[in-house]
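Worksheet: one structure, shown below.
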Amino acid sequence: MLVPSDSAKPPYGKCIDTEDDSTNYYQNYTYTLETCFNGCKQRNTVKECGCANPRIMKADADVLCTPTESNLACLQHLKGDQTNQTDPNIDILTDCGCNPPCDENSFKPTASLSRFPADNYYVATDSVNGVAGSCDVSNTKFPSRTDCQKWYSTNGLIIQVFFETLSYELYTESASYGVSDIINDLGGQAGLWLGLSVISVVEVEFHAVFKMVGLILLLFAFCVSGDAIKIRPDENDLNNDQRIKDVDDVRKEIDHIDKRHEESNNFEDLNEKKGN
């Protein structure tokens with residue numbers, strides 16, 4: 016089954032499309048981890064042995080290792096124990112710095128086995144030999160059908176290579192939190208904590224314009240009328256103001272009480288004079 020994969024590119028992933036030309040010995044091939052590892056091992060071979068391994072692609076300036084005793088010993092030494100603490104070999108996983116390809120196609124192979132030939136298997140033959148190669152009872156080259164099947168089982172092999180299915184599984188990596196998400200979150204937080212929103216901005220502008228228009232009209236009226244404008248209540252308002260009426264009633268009542276008090280005093284004085 017075909018399994019294409021699309022990995023996330025920087026800054027969200029570490030995949031690369033191709034290797035740098037200065038270190039890429041497989042420029043005419045599709046970049047894979049294997050090509051990167053082989054190039055890394057070849058550079059290490061040239062560094063340690065002074066020649067290139069003929070089994071791996073090399074740079075144009077490198078010389079292939081000839082089958083001399085020293086070269087073979089050096090190449091064999093590079094296959095030594097990776098856990099050697101005094102003289103360790105290169106570790107392609109940690110020392111090569113190879114990153115996976117961004118786009119890669121791989122296949123999932125499926126293998127199945129069966130006994131050959133089967134009991135009811137009929138060996139195909141050409142038109143010239145007829146049934147000479149089959150396990151039919153009319154074939155006189157084998158003593159029995161069992162001997163014929165045993166011979167094919169020992170000397171024959173059938174391999175069938177085919178696509179099990181035309182469907183495929185696509186794996187795609189994408190950024191779970193991108194630049195647009197950051198901008199949206201920052202805008203939401205700013206609107207929440209600072210009270211900034213489209214409606215509030217429109218309201219502020221509306222009130223500012225409204226107050227500015229009112230101030231302009233007031234200045235225009237002052238320039239036209241000068242100091243003739245006096246802010247005073249209307250005469251009808253004064254006459255109909257209940258508060259003023261209440262004050263007048265209280266004043267009249269006080270005057271009436273004072274008048275009665277004065278008359279009472281005058282009456283007492285008059286009685287005293289008559290008694291004398």
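Position one of the sequence shown corresponds to residue 16 (the working numbering), numbered consecutively onward. Positions of the beta carbon are idealized from the N, C-alpha and C atoms, including for glycine. In this text, all values refer to a predicted model and were calculated from it rather than measured experimentally.
Within 8 Å, strictly: CB atoms of residue i and residue j
i: Asn104; j: Leu93; result: yes
i: Tyr167; j: Pro132; result: yes
i: Met16; j: Phe157; result: no
i: Asn117; j: Ile174; result: For the sequence presented, residue 117 should be read as Cys rather than Asn. The answer is no: Cβ separation not under 8 Å.
i: Glu179; j: Thr125; result: yes
Rounded straight-line distance, which links the Cα of residue j to that of residue i
i: Cys238; j: Ile214; result: 36 Å
i: Val224; j: Asp196; result: 35 Å
i: Met72; j: Gly203; result: 56 Å
i: Leu181; j: Leu79; result: 43 Å
i: Ser129; j: Ser159; result: 23 Å
i: Glu184; j: Pro19; result: 7 Å
i: Val61; j: Ala76; result: 11 Å
i: Ser127; j: Gln164; result: 21 Å
i: Gly193; j: Gln91; result: 49 Å
i: Pro69; j: Thr33; result: 23 Å
i: Phe221; j: Leu230; result: 14 Å
i: Asp162; j: Asn170; result: 12 Å
i: Glu218; j: Asp200; result: 24 Å
i: Lys226; j: Asp273; result: 55 Å
i: Leu172; j: Tyr27; result: 50 Å
i: Val228; j: Ala205; result: 31 Å
i: Cys66; j: Tyr40; result: 15 Å
Contact belief for residue i with residue j at Cβ below 8 Å, rounded distance in angstroms
i: Asn120; j: Lys29; result: In fact, because the Cβ distance is near 19 Å, the residues do not count as touching under 8 Å.
i: Glu63; j: Cys89; result: 6 Å
Range covered by the alpha helix (DSSP H) that runs through residue i
i: Asn59; result: Leu48 to Cys64
i: Glu84; result: Glu84 to His92
i: Asp162; result: Arg160 to Asn170
i: Asp110; result: Ile107 to Asp110
i: Ser195; result: Val194 to Trp208
Spatially closest choice to residue i from the options, by CA coordinates
i: Leu108; options: Asn39, Asn53, Asp162 and Ser129; result: Asn53
i: Asp110; options: Val78, Ile272 and Arg58; result: Arg58
i: Ala23; options: Ser191, Lys226, Gly65 and Leu230; result: Ser191
i: Asn43; options: Ala67, Tyr27, Cys55 and Ala74; result: Ala74
i: Pro25; options: Phe235, Ser189 and Arg266; result: Ser189
i: Lys56; options: Glu84, Gly112 and Pro82; result: Gly112
Where the beta strand (DSSP E) containing residue i begins and where it ends
i: Ser20; result: Leu17 to Asp21
i: Asp118; result: Asp118 to Phe122
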